[in-house]
Amino acid sequence: MNSNNSNSKYARDEYKARINSVMDYIEEHISEELTLKVLANVACFSPHYFHRIFGAMVGETLNSFIQRRRVERAAYKLLVNTDTPITEIAIDHGFSGSATFARSFKQMYNMSASEWRIQKLKNSKNCKTPDKIGKGNNTSSVYFNTEQNKFIWRIEMENKNLTNVEVKELPEMHLAYVRHTCPYKGDEKLFAGLFEKLFMWAGPRNLVNFPETKVISVYYDDPEITDESKLRVDACITIPPATMVDGEIGKSKLPAGKYAVGHFELSADEFEDAWKAMYGIWLPQSGYQPGDSPCFELCLNDPKEHPKKKHIVDICIPVKPL
Numbered sequence: 002m003n004s005n006n007s008n009s010k011y012a013r014d015e016y017k018a019r020i021n022s023v024m025d026y027i028e029e030h031i032s033e034e035l036t037l038k039v040l041a042n043v044a045c046f047s048p049h050y051f052h053r054i055f056g057a058m059v060g061e062t063l064n065s066f067i068q069r070r071r072v073e074r075a076a077y078k079l080l081v082n083t084d085t086p087i088t089e090i091a092i093d094h095g096f097s098g099s100a101t102f103a104r105s106f107k108q109m110y111n112m113s114a115s116e117w118r119i120q121k122l123k124n125s126k127n128c129k130t131p132d133k134i135g136k137g138n139n140t141s142s143v144y145f146n147t148e149q150n151k152f153i154w155r156i157e158m159e160n161k162n163l164t165n166v167e168v169k170e171l172p173e174m175h176l177a178y179v180r181h182t183c184p185y186k187g188d189e190k191l192f193a194g195l196f197e198k199l200f201m202w203a204g205p206r207n208l209v210n211f212p213e214t215k216v217i218s219v220y221y222d223d224p225e226i227t228d229e230s231k232l233r234v235d236a237c238i239t240i241p242p243a244t245m246v247d248g249e250i251g252k253s254k255l256p257a258g259k260y261a262v263g264h265f266e267l268s269a270d271e272f273e274d275a276w277k278a279m280y281g282i283w284l285p286q287s288g289y290q291p292g293d294s295p296c297f298e299l300c301l302n303d304p305k306e307h308p309k310k311k312h313i314v315d316i317c318i319p320v321k322p323l
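Below, the structure is given as structure tokens:
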């Protein structure tokens with residue numbers, strides 16, 4: 002690669018990293034006032050040019066992105082916090098009041114928030130609502146493990162496989178990531194490529210030290226709420242807190258706290274059913290509701306080394322009491 006191409010790639014990667022850092026900031030401060038000046042400062046760009054750069058790279062204006070993410074996250078909360086008033090959800094997601102939220106919501110989903118909540122809870126195929134409970138023979142049971150002093154749930158997936166779910170206290174994890182925006186469902190080659198890029202960066206920096214290093218996929222968006230062209234996933238590894246990143250490699254963290262952890266052994270086409278089991282079978286019967294941080298998969302093996310080429314994963318969902 003000649004120096005011009007190398008410099009060009011470095012510049013592109015640096016721009017991606019700065020835009021990703023702004024997206025991360027927006028997600029973490031969604032309820033706050035997000036001004037052009039503040040976000041341009043996060044990106045280390047002049048405010049005069051930042052909104053143009055963001056629009057060109059993301060494909061939507063900065064204001065449109067913020068508004069969309071606020072509405073999408075509020076829409077998700079309408080489903081999982083069914084007793085919370087709509088106005089409260091609106092204010093919690095950065096809207097000044099119910100009227101502003103109502104206009105934005107109807108513009109995006111072509112119906113009111115109350116209509117959307119009723120319709121989705123009744124008819125949605127979304128795995129994150131209790132629409133699967135009582136259908137077929139899917140079951141959930143719970144017992145108290147006296148030796149470990151904790152509750153363990155046993156759930157049955159649509160394919161009749163059984164798995165355990167526990168609520169655990171997980172530590173804060175600092176992550177290096179490569180981000181992908183666009184459809185990703187069932188695309189093993191895509192995930193392999195993302196992690197290959199990440200390991201090529203991490204390896205020479207002595208950041209890959211199994212089993213201490215954890216391999217994680219972080220998901221930000223609900224496929225039933227966000228258009229698939231805007232779905233985001235981060236391919237991640239855990240890193241020491243002081244690690245410096247560069248280029249396309251971003252840095253984030255998962256907060257410490259309570260997580261529902263479901264242990265699964267899956268083929269590539271079974272991941273969707275596993276997530277449905279967690280959100281549609283376990284969650285509504287658990288006494289918990291989803292927290293505000295992202296959900297993720299903790300990858301525990303190399304599927305190429307599994308006799309049936311299966312992925313052994315922990316699906317982790319932040320939770321808090323109902």
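When you line the sequence shown up against the working numbering, it's residues 2 to 323, in that order. Built from N, CA and C at the ideal position, the CB exists for glycine as well.
_Three or more C-beta pairs under 8 Å: does that hold for the region 200-218 against the region 88-100?_
no
_Which of helix, strand or coil DSSP assigns to residue 255_ = Counted from its first residue, the sequence shown places residue 255 at position 254. Strand at residue 255.
*What's the C-alpha gap between residue 12 and residue 248?*
Numbered from 1 along the sequence shown, position 11 holds the residue referred to as residue 12. Numbered from 1 along the sequence shown, position 247 holds the residue referred to as residue 248. Cα-Cα distance, rounded: 8 Å.
_Neighbourhood of residue 26 by C-beta, 6 Å cutoff - its chain only, sequence neighbours within 5 removed_ = As a first step, residue 26 must be located in the sequence shown, where it is residue number 25. Excluding sequence neighbours, residue 26 sits near 43.
_residue 238 versus residue 114 - alpha carbon distance_ = Within the sequence shown, the letter at position 237 stands for residue 238. Within the sequence shown, the letter at position 113 stands for residue 114. Looking at the two C-alpha atoms, the distance is approximately 37 Å.
*For my contact list, residue 300 and residue 260 are in at a C-beta cut-off of 8 Å; report their separation, rounded to the angstrom.*
Working through the sequence shown from its first residue, we reach residue 300 at position 299. Working through the sequence shown from its first residue, we reach residue 260 at position 259. Contact doesn't hold; Cβ gap of about 16 Å is too wide.
*asked:* One question on the structure: do residue 31 and residue 54 come within less than 9 Å of each other, judged by their Cβ atoms?
replied: For the purposes of this step, residue 31 is identified with residue 30 of the sequence shown, where counting begins at 1. For the purposes of this step, residue 54 is identified with residue 53 of the sequence shown, where counting begins at 1. Result no, Cβ atoms of residue 31 and residue 54 do not sit closer than 9 Å.
*asked:* Bridge partners for residue 245 per DSSP, in chain order?
replied: Taking the sequence shown and counting its residues from 1, the one referred to as residue 245 is at position 244. BP columns for residue 245 are empty, so no partner.
*Rounded Cβ spacing between residue 230 and residue 298 (contact assumed at less than 8 Å)*: Reading the sequence shown from its first residue, position 229 is the one you call residue 230. Reading the sequence shown from its first residue, position 297 is the one you call residue 298. In fact, because the Cβ distance is near 22 Å, the residues do not count as touching under 8 Å.
*Kindly indicate the opening and closing residues of the alpha helix (DSSP H) around residue 201.*
Your numbering for residue 201 matches position 200 in the sequence shown. Here the alpha helix (DSSP H) through residue 201 covers 189-203.
*When burial is assigned at 16 or more other CB atoms within 10 Å of the CB, is residue 75 buried or exposed?*
Within the sequence shown, numbered from 1, the residue matching residue 75 stands at position 74. Counting Cβ neighbours within 10 Å, residue 75 comes out buried, since at least 16 surround it.
_residue 200 to residue 212 span [Cα, whole Å]_ = On the sequence shown, residue 200 is found 199 positions in, with the first residue counted as 1. On the sequence shown, residue 212 is found 211 positions in, with the first residue counted as 1. Approximately 15 Å, taken between the alpha carbons.
*Flag residue 92 as yes when its Cβ comes closer than 8 Å to any non-hydrogen atom of the ligand ATP, and as no otherwise.*
Although the ligand ATP was asked about, the structure shown includes no ligands whatsoever.
*Where residue 175 falls: helix, strand or coil (DSSP)*: Walking along the sequence shown from the start, residue 175 turns up at place 174. Correct three-state label for residue 175: strand.
*Whole-angstrom distance between residue 38 and residue 47, CA atom to CA atom*: On the sequence shown, position 46 is the one that residue 47 refers to. On the sequence shown, position 37 is the one that residue 38 refers to. Computed Cα separation, rounded: 8 Å.
_Here's the rule: buried if 16 or more other CB atoms are within 10 angstroms of the residue's CB, otherwise exposed. What is residue 86?_
Within the sequence shown, numbered from 1, the residue matching residue 86 stands at position 85. Label assigned to residue 86: exposed.
*If you check the beta carbons only, do residue 191 and residue 181 fall under 9 Å apart?*
Sequence index remark: in the sequence shown, residue 191 carries index 190 (1-based). Sequence index remark: in the sequence shown, residue 181 carries index 180 (1-based). Result yes, Cβ atoms of residue 191 and residue 181 sit closer than 9 Å.
*Going by CA-CA distance only, name the one from 108, 263, 15, 156 that's closest to residue 73.*
Indexing the sequence shown from 1 puts residue 73 at position 72. Residue 73 has its Cα closest to that of 108, out of 108, 263, 15, 156.
*So which of 70, 311, 252 has the shortest CA-CA distance to residue 243?*
Here residue 243 is taken as the residue at index 242 of the sequence shown, counted from 1. Nearest option by C-alpha distance: 252.
*Local conformation of residue 340 per DSSP, three classes*: For residue 340 there is no data in the structure shown, the boundaries of the chain being 2 and 323.
*asked:* For the alpha helix (DSSP H) containing residue 74, name the first residue and the last one.
replied: Here residue 74 refers to the residue found at position 73 when the sequence shown is read from its first residue. Taken as a continuous stretch (DSSP letters only), the alpha helix (DSSP H) holding residue 74 covers 63-81.
*For the alpha helix (DSSP H) containing residue 49, list its first residue and its last residue.*
Taking the first residue of the sequence shown as 1, we reach residue 49 at position 48. 48-59 is the span of the alpha helix (DSSP H), which, as asked, contains residue 49.
*Can you list, in chain order, the stretches of the alpha helix (DSSP H) that have 4 or more residues and sit fully within the region 78-116?*
87-93, 99-110
*For residue 282, which three-state DSSP category applies?*
On the sequence shown, position 281 is the one that residue 282 refers to. Here residue 282 sits in helix by DSSP.
*Any idea if residue 77 is buried or exposed, counting beta-carbon neighbours within 10 angstroms, 16 or more meaning buried?*
Numbered from 1 along the sequence shown, position 76 holds the residue referred to as residue 77. Looking at its Cβ environment, which holds 16 or more other Cβ atoms inside 10 Å, residue 77 is buried.
*So who's on the other strand from residue 324, going by DSSP bridges?*
Since the first residue of the chain shown is 2 and the last is 323, residue 324 is not available in this structure.
_For residue 45, list the residues DSSP reports as bridge partners._
To locate residue 45, count along the sequence shown from 1; it is residue 44. Answer is none; residue 45 lacks a bridge partner.
*At which residues does the beta strand (DSSP E) containing residue 235 begin and terminate?*
Here the question's residue 235 lines up with position 234 in the sequence shown. Segment 233-239, the beta strand (DSSP E) holding residue 235.
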